[in-house]
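Scroll down for the structure; my scribbles are underneath it.
In the working numbering, the protein residues as written are 270 to 416.
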């Protein structure tokens, strides 16, 4: 037992100077801040882009488990709304998919980065776009401005 404690003590003394001179917190912040910090983006009015889109809402329950959106309003799966990670709340978007078009309003944050999608639309918007059968699709987005 004394031998194990001695080895651990020696290892601890050997690594302590290296840890002391390397500031882990500042390294983490410098490396990850740009990827994970939240800043609302400016909505470039009239600009268009294409984004992988999915829909949410519409299980056996009337509301999602988290029934309030990020801006505080009650989630209604039939409203023409969407979730985006950075666009300001209230931004209106014209979405076009497979020849169909709908105007939605940003009222929530999401989808999660790890999903690979950039926009979540409500079930009502997905029905009008024709996304229900496939679940996801490449949707053309045009920023219309604030509502």
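We treat Cβ as the ideally placed atom computed from N, Cα and C, and that holds for glycine.
The beta carbons of residue 406 and residue 400 sit closer together than 7 Å. In the DSSP assignment, residue 382 falls outside any beta strand (DSSP E) and carries neither an H nor an E. The shortest C-alpha to C-alpha distance from residue 384 to any of 344, 348, 354 and 370 is the one to 354. In this structure, the straight-line span from the alpha carbon of residue 378 to that of residue 352 is close to 5 Å. Between residue 362 and residue 396, the beta carbon gap of about 17 Å keeps them out of contact (Cβ cut-off 8 Å). Where residue 393 is concerned, the enclosing alpha helix (DSSP H) starts and stops at 392–398. Per DSSP, the continuous beta strand (DSSP E) segment holding residue 361 begins and ends at 360–366. Between the C-alpha atoms of residue 413 and residue 404 there is a straight-line separation of about 25 Å.
Contact between residue 358 and residue 345 does not hold, since the beta-carbon distance rounds to 16 Å and is not under 8 Å.
Restricting attention to 319, 408, 336 and 322, the CA atom closest to the CA of residue 369 is found in 408.
The three-state reading of DSSP puts residue 352 in strand, counting E and B together.
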